[in-house]
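S.K.: Per this note's numbering, the sequence shown runs over residues 1 to 173.
We put the beta carbon where it would ideally sit given N, CA and C, even for glycine.
To start, I am sharing the structure in question, which I have written as structure tokens.
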Amino acid sequence: MRVLGIDPGLRNLGWGVIEVTGAKIVHVANGICHSAPGEAGEGDLALRLVSLYEQLTAVIRTYAPDAAAVEHTFVNKDAVATLKLGQARGIALLVPAQAGITVGEYAPNAVKKTVVGVGHAAKVQVDHMVRLHLPGVQIAGPDAADALAIAICHAHHMQSAGRLAQALKRAAG
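Quick look at the structure:
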């Protein structure tokens, strides 16, 4: 099964694709969709969202994931920035859903707890553990590392859900 992890961001939307076969996880690809501000400042928000949409659509077309996962929005003190991040997150949810892919959602602490073992891990710890899970991986940047962590988290949760369903089936039958 191929899993796409997405770390939403308006300027930098990280993505990572892994292949899951049983308990084995293998890196497929990772990168960052960039939405650069215009020359006069922030640029046209709608055009930036279209850019993210087109880039993420190309990722899905290229790597054909079977499942996707997106990180929940982190709410901070800057309401305007949080709203803009939410719009980028909308693109991150829309594109896989539009392709018929089921999308899981995870809180940042849940991703860190799954990948690192600690819910309040630093970015450098997440990056380190992603590299341990995916030996030899060349990571495009911190946003791509986070996206790979989200994909790994989703893979672990899918495996756990599958084991639970099998156990319930055995108990019932």
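When the distance is taken between beta carbons, is Ile-150 closer than 9 Å to Ala-69?
M.R.: Within the sequence shown, the letter at position 69 stands for residue 69. Within the sequence shown, the letter at position 150 stands for residue 150. Yes, the pair counts as a contact, with Cβ atoms nearer than the cut-off.
S.K.: How many angstroms separate the CA atom of Thr-73 from the CA atom of Ala-107?
M.R.: To locate residue 73, count along the sequence shown from 1; it is residue 73. To locate residue 107, count along the sequence shown from 1; it is residue 107. One C-alpha to the other measures close to 8 Å.
S.K.: State the DSSP-derived secondary structure class of Leu-134, mapped to helix, strand or coil.
M.R.: Numbered from 1 along the sequence shown, position 134 holds the residue referred to as residue 134. In this structure, Leu-134 counts as coil in the three-state DSSP scheme.
S.K.: Please state whether the Cβ-Cβ distance between Gly-9 and Asn-30 is less than 9 Å.
M.R.: On the sequence shown, residue 9 is found 9 positions in, with the first residue counted as 1. On the sequence shown, residue 30 is found 30 positions in, with the first residue counted as 1. Contact: no.
S.K.: Beta-carbon separation of Ala-110 and Leu-56 under 9 Å?
M.R.: On the sequence shown, position 110 is the one that residue 110 refers to. On the sequence shown, position 56 is the one that residue 56 refers to. Going by C-beta atoms, Ala-110 is not nearer than 9 Å to Leu-56.
S.K.: Relative to the C-alpha of His-129, which residue among Thr-114, Ala-81, Ala-79, Gly-141 is closest?
M.R.: By 1-based counting over the sequence shown, the position of residue 129 is 129. Here residue 129 turns out to be Met, not His, going by the sequence shown. Closest by alpha carbon: Thr-114.
S.K.: Measuring only the C-alpha atoms, how far is Asp-171 from Met-158?
M.R.: Numbered from 1 along the sequence shown, position 171 holds the residue referred to as residue 171. Numbered from 1 along the sequence shown, position 158 holds the residue referred to as residue 158. According to the sequence shown, residue 171 is Ala rather than Asp. Whole-angstrom Cα-Cα distance: 20 Å.
S.K.: For the alpha helix (DSSP H) containing Thr-114, list its first residue and its last residue.
M.R.: Position 114 of the sequence shown, counting from 1, holds the residue named residue 114. That run of the alpha helix (DSSP H) goes 108-115.
S.K.: Does DSSP put Ala-155 in a helix, a strand or coil?
M.R.: On the sequence shown, residue 155 is found 155 positions in, with the first residue counted as 1. The answer is helix: DSSP assigns Ala-155 an H, G or I state.
S.K.: Do you know how far the Cα of His-120 is from the Cα of Tyr-63?
M.R.: The residue labelled residue 63 in the question sits at position 63 within the sequence shown. The residue labelled residue 120 in the question sits at position 120 within the sequence shown. Looking at the two C-alpha atoms, the distance is approximately 31 Å.
S.K.: How about Ile-152 and Gly-22: are their beta carbons less than 9 Å apart?
M.R.: In the sequence shown, residue 152 corresponds to position 152, counting from 1. In the sequence shown, residue 22 corresponds to position 22, counting from 1. No. Outside cutoff.
S.K.: Per DSSP, Asp-7 is paired with what?
M.R.: Counting from one through the sequence shown, the residue named residue 7 turns up at place 7. DSSP output for Asp-7 lists Gly-14 as bridge partner(s).
S.K.: Tell me where the alpha helix (DSSP H) around Gly-86 begins and ends.
M.R.: Here residue 86 refers to the residue found at position 86 of the sequence shown. Looking at the DSSP string, the run of the alpha helix (DSSP H) that includes Gly-86 is 79-98.
S.K.: Arg-2: which of Val-124, Val-137, Leu-132, Thr-102 sits nearest, CA to CA?
M.R.: Residue mapping note: residue 2 aligns to position 2 of the sequence shown, counting from 1. Checked all of Val-124, Val-137, Leu-132, Thr-102; the closest Cα to Arg-2 is Thr-102.
S.K.: Check for me: the alpha helix (DSSP H) holding Val-50 runs from which residue to which?
M.R.: Here residue 50 refers to the residue found at position 50 when the sequence shown is read from its first residue. That run of the alpha helix (DSSP H) goes 45-63.
S.K.: Spatial neighbours of Glu-39 within its chain, please: C-beta separation below 8 Å, excluding the five flanking residues on both sides.
M.R.: If you number the sequence shown from 1, residue 39 lands on position 39. Only weak support exists for where Glu-39 lies, its pLDDT of 49 falling under 50; the coordinates are left without a value.
S.K.: Comparing alpha-carbon positions, which option in His-154, Val-95, Ala-81 lies nearest Lys-112?
M.R.: The count along the sequence shown starts at 1 and reaches residue 112 at position 112. With distances taken between Cα atoms, Lys-112 lies closest to His-154.
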